[in-house]
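Chains as they are written, first to last, in my numbering: chain A, 74 to 572; chain B, 3 to 252. Cβ atoms here follow ideal geometry from the backbone N, Cα and C, with glycine treated the same way. First up is the structure itself, then whatever we jot down about it.
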Amino acid sequence: MSRYLAIWFPYLVPDRLARRKPALRKQSFVTSLPERGRLVIQSASAQAVLSGIKPGMILADARAIYPDLITIDHDPKLPERLLTILAEWCLRFTPIAATDLPDGLILDISGCTHLWGGESSYLKEIIKRLSKGGYHVHAAIADTVGAAWALSRYEQNGTIIEKDKQKDALICLPVSALRLPVNISDRLYQLGLTTIGGLLAIPRQGLKKRFGQELLTRIDQALGMLSEPIKPVCPAPVFQERLYCLEPVCTAKAITIGLQQLLASLCSRLVKEKKGLRKAVLTCYRIDNKVQQIEIGTHRAARDTAHLFRLFENKIANIAPGLGIELFVLDAPVTDPLDVQQESLWMDAGMEQNRAITQLLDRIGGRLGPNAIQRYLPAEHHWPERSYMPAATLSERPAIPWPKGLSRPVYVLPRPEPIKVSVPIPDYPPMLFIYNGVVHNIKKADGPERIEREWWIDKGLQRDYYCVEDTTGKRYWLFRSGHYDSAHAPDWFIHGFFA
Amino acid sequence: MIQEAAKKEVMDRLRKEILAAEGLQRPTYEPRLHLGLQALEMAFPDQTFPTGCIHEFISPDTERAAATTGFIAALLSHIAVQKGPCVWVSRQHRIFAPALLSFGLQPDQVIFINPDKDKDLLWTTEQALKCSSLTAVIADVQELDLTASRRLQLAVEQSRVTGFLHRHNPRTMGHTACVARWQVQSLCSEATAVPGLGFPRWQVNLLKVRNGRPGSWIVDWTADQFRITEPVPETITREEAYTYTKVAQA
Chain A
74 MSRYLAIWFP YLVPDRLARR KPALRKQSFV TSLPERGRLV IQSASAQAVL
124 SGIKPGMILA DARAIYPDLI TIDHDPKLPE RLLTILAEWC LRFTPIAATD
174 LPDGLILDIS GCTHLWGGES SYLKEIIKRL SKGGYHVHAA IADTVGAAWA
224 LSRYEQNGTI IEKDKQKDAL ICLPVSALRL PVNISDRLYQ LGLTTIGGLL
274 AIPRQGLKKR FGQELLTRID QALGMLSEPI KPVCPAPVFQ ERLYCLEPVC
324 TAKAITIGLQ QLLASLCSRL VKEKKGLRKA VLTCYRIDNK VQQIEIGTHR
374 AARDTAHLFR LFENKIANIA PGLGIELFVL DAPVTDPLDV QQESLWMDAG
424 MEQNRAITQL LDRIGGRLGP NAIQRYLPAE HHWPERSYMP AATLSERPAI
474 PWPKGLSRPV YVLPRPEPIK VSVPIPDYPP MLFIYNGVVH NIKKADGPER
524 IEREWWIDKG LQRDYYCVED TTGKRYWLFR SGHYDSAHAP DWFIHGFFA
Chain B
3 MIQEAAKKEV MDRLRKEILA AEGLQRPTYE PRLHLGLQAL EMAFPDQTFP
53 TGCIHEFISP DTERAAATTG FIAALLSHIA VQKGPCVWVS RQHRIFAPAL
103 LSFGLQPDQV IFINPDKDKD LLWTTEQALK CSSLTAVIAD VQELDLTASR
153 RLQLAVEQSR VTGFLHRHNP RTMGHTACVA RWQVQSLCSE ATAVPGLGFP
203 RWQVNLLKVR NGRPGSWIVD WTADQFRITE PVPETITREE AYTYTKVAQA
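Written out as structure tokens, the structure reads:
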């Protein structure tokens with residue numbers, strides 16, 4: 074016989090927001106969403122509900138009741154995300170936990186409660202821990218999902234109904250406790266059928282004729298005459314391997330052997346799950362209760378034991394074993410899908426090349442840090458400093474072609490440096506310029522190429538760029554910042570060197 | 003007459019064996035690389051620009067370093083057409099990636115690696131040179147001794163990657179195990195009918211080349227290919243190379 078526990082979070086979203094921002098605690102606040110041209114309240118905090126504000130109200134009306142109301146934008150996906158997290162958290166109490174949108178959880182607790190010393194202490198423990206986390210909780214235990222749901226919403230918090238007693242418990246509850254659609258429950262109320270007991274007294278045939286099969290299904294589910302499946306959450310698998318040492322080890326050789334064993338078992342698991350790791354952490358627990366950690370990252374999902382070991386190899390020296398290590402834990406906190414087929418394709422279609430490069434960059438990144446490796450893609454900006462951007466991945470292709478026909482220097486200075494110039498006429502390239510105390514006489518010049526500053530990013534003057542060549546053939550990229558119309562002459566800068 | 007021919011054959015065979023022993027062997031499966039620089043390519047053994055070995059470039063100041071970088075990028079575009087990406091190891095963030103396009107090199111084909119320390123720079127260069135999937139590795143190293151250059155040369159002999167070591171303002175210029183030592187500087191561009199700058203023009207000096215003839219050439223980069231304008235008759239001698247070293251030291 075199954076037993077179910079239903080948890081209701083009457084203030085799910087507000088509780089969560091208050092958890093994030095403790096300043097919101099004990100405040101009247103609502104979350105709202107635009108609907109047909111007006112803001113409609115989606116959820117309200119406990120304090121707001123006390124002053125008469127309910128979800129479904131229009132925000133302007135609520136403001137009339139309570140002018141100091143705090144409003145927060147509603148995230149429609151938040152409840153589902155939140156319930157999934159809470160359901161995963163509940164897996165410590167039972168292996169089968171399901172979300173019950175929009176504001177509840179259903180746990181199948183059959184055979185679990187004796188571990189907490191009975192149902193009442195089990196229920197108390199769950200309520201206590203969730204309340205401690207800042208959530209308002211109503212929970213109930215019954216034989217069926219429907220009954221537990223109804224009792225958690227319409228009975229005292231912490232109600233437990235004995236086996237096969239759900240019918241007696243449900244009789245005096247209102248019909249809306251049967252999880253009916255609003256139109257059916259409204260009609261039932263209009264007909265004066267307010268309690269479930271009243272509904273049960275009516276012949277089933279008549280009910281079916283007037284209200285459809287759904288009402289009967291809900292009644293049967295609540296009473297346990299019809300089974301109701303729930304869809305349990307499946308938490309993401311944790312890729313973690315542990316290795317206990319019989320004797321504490323403190324040599325590099327022993328750590329190497331341990332690491333190789335852990336990598337082999339982790340990689341075989343990754344193969345089964347069709348995944349590859351992007352990040353791995355080896356944690357060594359020492360007998361003096363200290364922890365040593367080394368971690369590696371890869372540029373592409375990998376599960377090649379030899380390659381991963383090479384990445385770790387350089388870092389083994391960083392582990393201080395102290396008096397000895399008694400436990401190794403290898404974690405793969407970040408994994409990506411990696412198909413067997415994908416791997417073999419690499420081998421065949423000349424993609425072996427890519428693999429060798431990724432492995433090389435993994436090694437280099439492991440030693441120099443991930444920021445040392447850069448690849449650039451064109452960016453849609455004319456301003457030279459912003460005309461390229463770092464690529465996120467190795468395989469990323471340019472979204473736009475590289476701009477052609479621009480004369481750009483191979484070397485640029487990290488920031489333009491001021492120079493002194495002599496200019497014959499405004500808007501002409503300079504005759505000579507002095508940079509670092511050396512006079513350069515200009516023989517040939519191209520320009521100006523005006524590049525406007527992007528006013529939506531930063532403010533300042535535009536630049537007029539000139540490519541100039543001096544008498545010895547050296548080429549420079551100079552620019553004038555601004556016009557000649559202001560009171561003082563504009564500043565000139567050198568920005569780069571041409572080949 | 004027959005004896006002469008036989009002698010020549012023996013000489014050619016021996017030359018090839020010597021080249022092979024020095025790590026300059028060109029595998030038969032690799033197509034001959036054409037830079038479009040007839041006169042310059044004649045300076046090398048086998049009349050081919052040697053790939054799969056280390057070239058050394060010397061530049062004393064920023065302007066000449068820029069010219070050298072341009073020349074290397076232009077060489078790379080000829081090498082990198084068929085094969086995979088290149089790695090550019092440098093401690094300074096000076097290269098303006100979009101400018102590589104004007105030398106026929108796709109900027110996104112280049113992976114830039116910026117180590118913090120000189121020690122890491124040489125390590126990174128060696129690791130990259132050992133990866134046969136790369137086309138070329140360019141490294142901005144300042145100091146390089148015989149041992150380090152030997153290590154790098156041994157690394158490329160296995161992997162057949164071409165290495166370009168750009169030594170900017172080196173303190174010493176001793177012997178290295180590199181196949182060639184270059185020096186590039188910019189010259190005034192050719193006067194054209196249209197006012198303004200012409201194509202980049204460089205004086206390319208091959209100061210040292212193993213089993214080849216050092217020389218000096220004037221090379222233009224005409225948007226997508228090299229062009230030798232006029233041969234410079236006098237070749238740079240060893241003495242001149244060393245006087246240059248002293249200038250660099252001063």
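When C-alpha distances from B:His177 are compared across B:Ala69, B:Phe73, B:Thr164 and B:Glu58, the shortest belongs to B:Glu58. Scanning B:Phe73, B:Trp90 and B:Ala195 for the CA closest to the CA of B:Gln187 turns up B:Phe73.
Chain B has a Cβ within less than 8 Å of the Cβ of A:Val483. Taking 8 Å as the upper bound for CB-CB distance, B:Phe105 and A:Gly569 are not in contact here, some 15 Å apart. Here A:Trp222 is not bridged, per DSSP, to any residue.
Between A:Ser101 and the set A:Pro107, A:Arg76, A:Lys127 and A:Ile80, the nearest pair of CA atoms involves A:Lys127. DSSP, read as helix, strand or coil, puts A:Thr104 in strand. Residues of chain A whose Cβ lies closer than 7 Å to the Cβ of B:Cys133 are, in chain order, Ala429, Ile430 and Leu433. With the criterion set as a beta carbon lying under 8 Å from some beta carbon of chain A, the members of the stretch 102 to 128 of chain B are Leu102, Leu103, Ser104, Phe105, Gln108, Pro109, Asp110, Val112, Ile113, Phe114, Ile115, Asn116, Pro117, Asp118, Asp122, Trp125 and Thr126, in sequence order.
Beta-carbon to beta-carbon, B:Gln205 and B:Asn171 are separated by about 19 Å, too far to satisfy the 8 Å threshold. Going by C-alpha positions, B:Arg212 is about 30 Å away from A:Val483. Ranking B:Val139, B:Trp219, B:Ile113 and B:Val112 by CA distance to the CA of B:Leu124 puts B:Val139 first. For the 8 Å CB-CB criterion, B:Lys132 and B:Ala157 form a contact.
When rounded, the separation of the alpha-carbon atoms in A:Ile143 and A:Val122 is 13 Å. Inter-residue distance for A:Leu400 and A:Leu319 is about 9 Å (C-alpha atoms, whole angstroms). A:Arg526 is the residue among A:Arg98, A:Arg526 and A:Pro406 whose C-alpha sits nearest the C-alpha of A:Trp456. For A:Lys493, the enclosing beta strand (DSSP E) starts and ends at Tyr484 to Ser495. Take A:Ser249, set aside five residues on each side of it, and the residues of its chain with a beta-carbon closer than 6 Å to its own are Ser258, in chain order.
For the pair A:Ala137 and A:Val103, the Cα-to-Cα distance works out to about 14 Å.
Sequence-distant partners of A:Gln447 (beyond 5 residues in either direction) whose C-beta falls short of 6 Å from its own C-beta, in its chain, are Pro463. The Cβ atoms of A:Leu180 and A:Gly219 lie no closer than 8 Å to each other. The count of Cβ pairs closer than 8 Å, one atom from the stretch 295 to 312 of chain A and one from the stretch 154 to 171 of chain A, reaches three, so the stretches are in contact.
Contact check for A:Ala212 and A:Ile234: beta-carbon distance about 12 Å, past the 8 Å limit, so the pair fails to qualify. The stretch 162 to 169 of chain B makes contact with the stretch 53 to 68 of chain B, as at least three CB pairs between them are under 8 Å. For B:Phe46, no Cβ of chain A is located within less than 8 Å of the residue's own Cβ.
Residue pairing by DSSP puts A:Arg448 in a beta bridge opposite B:Ile113. The beta carbons of A:Glu522 and B:Leu199 sit no closer together than 8 Å.
At the C-beta level, A:Trp475 and B:Leu103 come within 8 Å of one another. Straight through space, the alpha carbons of A:Ser118 and A:Thr268 are spaced by roughly 29 Å. Distance from the CA atom of A:Gln120 to the CA atom of A:Ser460, rounded to whole angstroms, is 52 Å. Straight-line spacing of the CA atoms in B:Val112 and B:Ala8 works out to 48 Å. Secondary structure note for A:Phe570: its beta strand (DSSP E) is the uninterrupted segment Asp564 to Phe570.
Residue contact check for A:Tyr461 against chain B: a CB pair falls below 8 Å.
The residues Ile369, Asp435 and Gly439, in chain order, have a CB closer than 6 Å to that of A:Leu384 in the same chain once the five nearest residues on each side in sequence are set aside. The Cβ neighbour count for A:Ala274, taken over all protein chains shown within 10 Å, is under 16; the residue is labelled exposed. Rounded to whole angstroms, the Cβ separation of B:His95 and A:Pro487 is 7 Å, and the two are in contact under 8 Å.
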